[in-house]
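Asker: Going by UniProt numbering, the first residue of the sequence shown is number 1, and it counts up by one from there. Think of the CB as a built atom: it goes at the ideal place given N, C-alpha and C, for glycine as much as any other residue. Quick caveat: nothing in here was measured; it's all calculated off a predicted structure.
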Amino acid sequence: MISFSHLGQSNEMRDIVSARAIQTGGEDTFSTRRVPPREAYELGSDSGPNYVWRLLQEDRNLARMRIPYKEIKLRAMLSKSQTREIRLGEYRNQQVVVKRLLKTKRSHIFHVQEFIYQIQIRSTLAHPNIVTLVGVAWSSVADVMLVMEHYPLGDLLTYLQNYGDYTSWERGKYRLAIGIARALVYLHSQPTPVAHRDLRASYVLLTETMRPKLTGFDSPYTAKSDIYAFGVLLTELDTASAPFHDAVSPVGTKLKPIQILNEVMQGTMILIEDQPLLNCFASSKRSMFPSEKTFINANTCTTL
């Protein structure tokens with residue numbers, strides 16, 4: 001299983017970027033390029049900048065995806081994490097989104113290696129429901145940019161907040177859910193399976209035709225978390241509200257996120273929504289926790 005974050009690292013190494021203002025898209029193509037095994041690029045086997053430079057020069061996928069650094073014009077800052085920044089940009093008269101390391105992190109070889117490794121993985125993925133890279137650009141080991149297409153329509157979280165009450169399963173939600181499930185099937189079916197690891201509405205971007213595109217492959221969880229997160233996302237898609245948004249304490253005060261987290265972990269707070277798919281899933285004998293393939297097949301259990 002490929003991990004986009006190295007387990008056991010400090011919180012500083014987690015690049016959990018809010019993508020609510022970031023919209024990227026991709027071509028309707030499927031990729032069967034093999035994901036490079038992590039042992040072929042072992043973090044900590046640092047030979048300095050020359051080692052990283054060799055990675056950039058010798059990776060065939062990166063060579064194929066390389067675009068001229070000087071033709072990328074950086075614009076407004078969209079968001080940043082503890083290690084990376086995401087900006088609007090322009091490339092050959094096309095509006096794009098650019099992701100790169102913060103200036104303060106570019107001298108840390110570990111951060112550079114980890115970022116390049118994540119770019120290597122992303123360069124092997126191509127699917128109609130996963131964001132496609134415009135390209136990769138670099139002027140030096142310390143300044144590597146991941147360039148993606150930009151879509152101004154918005155992400156799923158913002159869309160549900162604005163239009164969720166006016167969107168039914170028949171008028172779009174079903175298509176969105178199936179698209180997300182297909183993206184997960186693709187990721188989990190790779191020769192070296194890839195887990196998204198941070199699936200949520202803000203990491204589902206929407207094209208002008210309302211096609212969902214997955215982005216944000218950066219957090220340290222297991223593959224099963226994708227399926228759990230997909231179930232939570234389905235309830236959010238159905239209700240147009242965040243899970244437990246109306247949770248209150250016994251005295252009627254609104255619960256804080258950390259309080260909700262503690263109760264969920266203890267099993268004292270359970271999210272239950274009345275959806276036709278729940279009954280369909282419950283009748284599945286293959287697994288207590290159905291896979292994304294089960295969800296795609298489960299459309300026969302509904303009357304949408």
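Relative to the C-alpha of residue 85, which candidate in 156, 168 and 98 has its C-alpha closest?
Answerer: The candidate whose alpha carbon is nearest that of residue 85 is 98.
Asker: Grouping DSSP H, G and I as helix and E and B as strand, with all else coil, what is residue 252?
Answerer: Of the three classes helix, strand and coil, the one that applies to residue 252 here is coil, per DSSP.
Asker: Output the distance between the C-alpha atoms of residue 238 and residue 173, rounded to the nearest integer angstrom.
Answerer: Whole-angstrom Cα-Cα distance: 7 Å.
Asker: Taking Cβ positions only, does residue 102 come closer than 8 Å to chain C?
Answerer: This model lacks chain C altogether, as it is built from one protein chain only.
Asker: For residue 141, which option in 244, 74, 70 and 101 has the closest C-alpha, if you only look at C-alpha atoms?
Answerer: Of the candidates 244, 74, 70 and 101, the one whose C-alpha sits nearest the C-alpha of residue 141 is 101.
Asker: Are the beta-carbon atoms of residue 183 and residue 66 separated by less than 8 Å?
Answerer: Not in contact: residue 183 and residue 66 (Cβ atoms no closer than 8 Å).
Asker: Assuming residue 52 and residue 89 are in contact, meaning their beta carbons sit under 8 Å apart, how far apart are those beta carbons, in whole angstroms?
Answerer: That pair is no contact at about 23 Å.
Asker: Could you tell me if residue 113 is buried or exposed, where buried requires 16 or more neighbouring beta carbons within 10 angstroms of its beta carbon?
Answerer: By the 10 Å Cβ count, residue 113 comes out buried.
Asker: Whose C-alpha, out of 177, 226 and 179, is nearest the C-alpha of residue 196?
Answerer: When each option's Cα is compared against that of residue 196, the closest is 226.
Asker: So what does DSSP say about residue 66, is it helix, strand or coil?
Answerer: It is a strand residue.
Asker: For residue 332, which option in 117, 213, 161 and 80 has the closest C-alpha, if you only look at C-alpha atoms?
Answerer: For the chain, the structure presents residues 1 to 304; residue 332 sits outside this window and is missing.
Asker: In the DSSP assignment, find the beta strand (DSSP E) that holds residue 87 and state where it starts and stops.
Answerer: Counting along the chain, the beta strand (DSSP E) containing residue 87 begins and ends at 84-91.
Asker: Based on Cα-Cα distance, which residue from 257, 231 and 251 lies nearest to residue 245?
Answerer: Nearest option by C-alpha distance: 257.
Asker: Please report the distance separating the alpha-carbon of residue 215 from that of residue 153.
Answerer: Roughly 15 Å between the two C-alpha positions.
Asker: Classify residue 252 as buried or exposed, calling it buried when 16 or more other Cβ atoms lie within 10 Å of its own Cβ.
Answerer: Burial call: exposed.
Asker: On the premise that residue 69 lies in contact with residue 123, defined as a C-beta separation below 8 Å, what is that separation, rounded to the nearest angstrom?
Answerer: Contact flag wrong, Cβ pair sits at about 17 Å.
Asker: Bridge partners of residue 137, per DSSP?
Answerer: Per DSSP, 145.
Asker: Quick check on the DSSP output: the alpha helix (DSSP H) that includes residue 98 runs from which residue to which?
Answerer: Per DSSP, residue 98 belongs to no alpha helix (DSSP H); it is in the beta strand (DSSP E), 94-101.
Asker: By Cβ distance, which residues of its chain are closer than 7 Å to residue 92, with the 5 residues on each side in sequence left out?
Answerer: Counting only Cβ-Cβ distances below 7 Å, and skipping sequence neighbours, we find 71.
Asker: Over what stretch of residues does the alpha helix (DSSP H) that includes residue 206 continue unbroken?
Answerer: Element bounds for residue 206: not the alpha helix (DSSP H) but the beta strand (DSSP E), 204-206.
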